[in-house]
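K.L.:
Numbering (our numbering), first residue to last: 511 to 909. Idealized CB from N, CA, C, for every residue including glycine. Remember, it's a predicted structure, so these values are computed and weren't measured experimentally. I am attaching a structure below and will ask some questions about it afterwards.
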């Protein structure tokens, strides 16, 4: 997925709002039809029947005539989204994927909206670098990068901060496998330092949320003073959302830069599988969420698969802080205020975090020690949406 920031005009924002609203109505109508059939003990209606009844025939009725004001492809994709939601729900019940809730109705008050255009919608990228969407117009785009091939779909997203983005699905060739790097590294993730590497490198935690706390508090306080339902309250809500978006973008950029550096310079990377959900229920919850360990490890995972590196997750119950990395003696748990100590067996002075990082690398076992061997590449999971953009558009035309 490749993305770019959109800058629609006032008229294009209105047209986009119509597309968001029509897609939401069709989704809710289809969900209502299926829930009604389920409650009555009838088989669930198929997507083709729903498309004919809720889109084609509904356009000819006074109650749904305004569905004709948007591209029909957007409405069809809304039905596909509902199919996906049901499939994920039933797969979760069968144990094929983590459990998730049943499909729910969408609200017009949802602050995040999205519609998808496929090639059948005949959208295109103009020679001037604008995105031409049916019944919306030519939207100004700030491209994050040039498109490597003709996109199959484009998804227009409006986030909680009122920003618009275009996300393109493109087919890419095999990524260039990085040259062999005869180096492996263990990573100990924490709060005092975001990451401590087994070679002794300590990377400070940026604490983006903590640093922006004063600005966020001021914006949230201004929001609480606005009357509910007023336009001023909606403007204040957008200001709060934009403040949070700046924090999230800065954190994501930090994760991308650090994960790319680690994957580029090391053939094998070992990291501890932390119980983030459990830690998020403690008094450290705010700091845990601010660190964003799960997002960082996910980036390491897909970049390792993409560039032919090895990523190993160490079990969370591995006693990395209790075993002395120099002599292998296990001397039990230590209070958190103990950051350094002297090993009585071998006399080595150990740093708590570096010792844990070294033990993480050792616990990876053959996966790390065999880093010189050629790695068989696994399927590459999709990366999360890119936040950065560049000012110079270099698009390829999609017909």
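Buried or exposed: which applies to residue 766, given that a residue is buried once 16 or more other Cβ atoms fall within 10 Å of its Cβ?
P.N.:
Flag for residue 766 reads buried.
K.L.:
So, helix, strand or coil for residue 736, using DSSP?
P.N.:
Residue 736: coil per DSSP, three-state reduction.
K.L.:
Along the chain, where does the beta strand (DSSP E) that runs through residue 676 open and close?
P.N.:
Taken as a continuous stretch (DSSP letters only), the beta strand (DSSP E) holding residue 676 covers 674-679.
K.L.:
Measure the beta-carbon distance from residue 723 to residue 733 and round it to whole angstroms, keeping in mind my assumption that it falls under 8 angstroms.
P.N.:
Their Cβ separation, rounded to whole angstroms, is 15 angstroms, which puts residue 723 and residue 733 out of contact at 8 angstroms.
K.L.:
Taking the C-alpha atoms as reference points, what is the distance between residue 814 and residue 581?
P.N.:
Spanning the two alpha carbons is a distance of roughly 39 angstroms.
K.L.:
What is the rounded straight-line gap between the Cα of residue 616 and the Cα of residue 538?
P.N.:
Approximately 7 angstroms, taken between the alpha carbons.
K.L.:
Indicate whether the contact test is met: 3 or more Cβ pairs, each with one atom in the stretch 628-646 and one in the stretch 556-567, closer than 8 angstroms.
P.N.:
No, the stretch 628-646 does not touch the stretch 556-567.
K.L.:
Assign residue 721 to buried or exposed, taking buried as 16 or more other Cβ atoms, counted over all protein chains shown, within 10 Å of its Cβ.
P.N.:
Residue 721 should be labelled exposed.
K.L.:
Suppose you measure from the CA of residue 515 to the CA of residue 674; what does that come to, to the nearest Å?
P.N.:
In a straight line, the C-alpha of residue 515 is about 6 angstroms away from that of residue 674.
K.L.:
Classify residue 827 as helix, strand or coil using the three-state DSSP reduction.
P.N.:
Three-state result, residue 827: coil.
K.L.:
Pop quiz: residue 670 and residue 751 are said to be a contact at Cβ under 8 angstroms. What is the actual Cβ separation, rounded to whole angstroms?
P.N.:
Contact flag correct, Cβ pair sits at about 4 angstroms.
K.L.:
Please state if the CB of residue 608 and the CB of residue 599 are separated by a distance shorter than 9 angstroms.
P.N.:
Cβ distance not < 9 angstroms, so residue 599 and residue 608 don't count as in contact.
K.L.:
Mapping DSSP to helix, strand and coil, what is residue 886?
P.N.:
Low local confidence applies: a pLDDT of 39 at residue 886 is under 50, so the model's placement there is unreliable, and no value is given.
K.L.:
Checking 9 angstroms against the spacing of the C-beta atoms, do residue 762 and residue 805 come in under that value?
P.N.:
Contact flag set, yes.
K.L.:
Apart from the five residues just before and just after residue 736, which ones in its own chain have a Cβ nearer than 6 angstroms to its Cβ?
P.N.:
Answer for residue 736: 742, 743 and 746, listed in chain order.
K.L.:
Identify whether residue 784 lies in helix, strand or coil by the three-state DSSP scheme.
P.N.:
Three-state DSSP puts residue 784 in coil, outside helix and strand.
K.L.:
Does the distance from the C-beta atom of residue 789 to that of residue 780 stay below 9 angstroms?
P.N.:
No.
K.L.:
In the DSSP output, what is residue 650 paired with across the bridge?
P.N.:
DSSP output for residue 650 lists 517 as bridge partner(s).
K.L.:
Mark residue 513 as exposed unless 16 or more other C-beta atoms lie within 10 angstroms of its C-beta, in which case mark it buried.
P.N.:
When all chains shown are included, residue 513 counts as buried.
K.L.:
Could you give the uninterrupted runs of the beta strand (DSSP E) lying entirely in the stretch 556-632, keeping only those of 3 residues or more?
P.N.:
As far as the stretch 556-632 is concerned, its whole beta strand (DSSP E) runs of at least 3 residues are 623-628.
K.L.:
Mind checking whether the beta-carbon of residue 637 lies closer than 8 angstroms to any heavy atom of the ligand PLP?
P.N.:
This structure simply doesn't include the ligand PLP, nor any ligand for that matter.
K.L.:
For the alpha helix (DSSP H) containing residue 864, name the first residue and the last one.
P.N.:
Here the alpha helix (DSSP H) through residue 864 covers 862-873.
K.L.:
Would you kindly check if the distance between the Cβ of residue 626 and the Cβ of residue 591 is under 9 angstroms?
P.N.:
Yes; because the gap between Cβ atoms is below 9 angstroms, this pair is in contact.
K.L.:
For the pair the stretch 692-708 and the stretch 653-662, tell me if three or more CB-CB distances fall below 8 angstroms.
P.N.:
No: the two stretches stay apart, fewer than three of their Cβ pairs being nearer than 8 angstroms.
K.L.:
Rounded C-beta distance between residue 700 and residue 870? I'm assuming under 8 angstroms.
P.N.:
With a Cβ gap of about 12 angstroms, residue 700 and residue 870 do not count as contacting.
K.L.:
How long is the line joining the alpha carbons of residue 726 and residue 757, rounded to whole angstroms?
P.N.:
Taking the straight line from one Cα to the other gives about 10 angstroms.
K.L.:
Could you give the distance in angstroms between the alpha-carbon of residue 749 and the alpha-carbon of residue 715?
P.N.:
Those two C-alpha atoms are separated by around 26 angstroms.
K.L.:
May I ask you to report which of helix, strand or coil DSSP gives residue 696?
P.N.:
Residue 696: strand per DSSP, three-state reduction.
K.L.:
Beta-carbon separation of residue 522 and residue 646 under 9 angstroms?
P.N.:
Yes, the pair counts as a contact, with Cβ atoms nearer than the cut-off.
K.L.:
Would you please state the rounded distance, in angstroms, between the beta carbons of residue 568 and residue 560? I believe it to be under 8 angstroms.
P.N.:
Not confirmed; about 10 angstroms, so no contact.
K.L.:
Provide the residue span of the alpha helix (DSSP H) that contains residue 752, from first to last.
P.N.:
First-last of the alpha helix (DSSP H) with residue 752: 741-775.
K.L.:
Is residue 665 helix, strand or coil by DSSP?
P.N.:
In this structure, residue 665 counts as strand in the three-state DSSP scheme.
K.L.:
Give me the Cβ distance between residue 680 and residue 624, rounded to the nearest whole Å; I'm assuming they're in contact under 8 angstroms.
P.N.:
Contact flag wrong, Cβ pair sits at about 18 angstroms.
K.L.:
Nearest CA to the CA of residue 530: which residue from 519, 620 and 816?
P.N.:
Checking every option, the nearest Cα to that of residue 530 belongs to 620.
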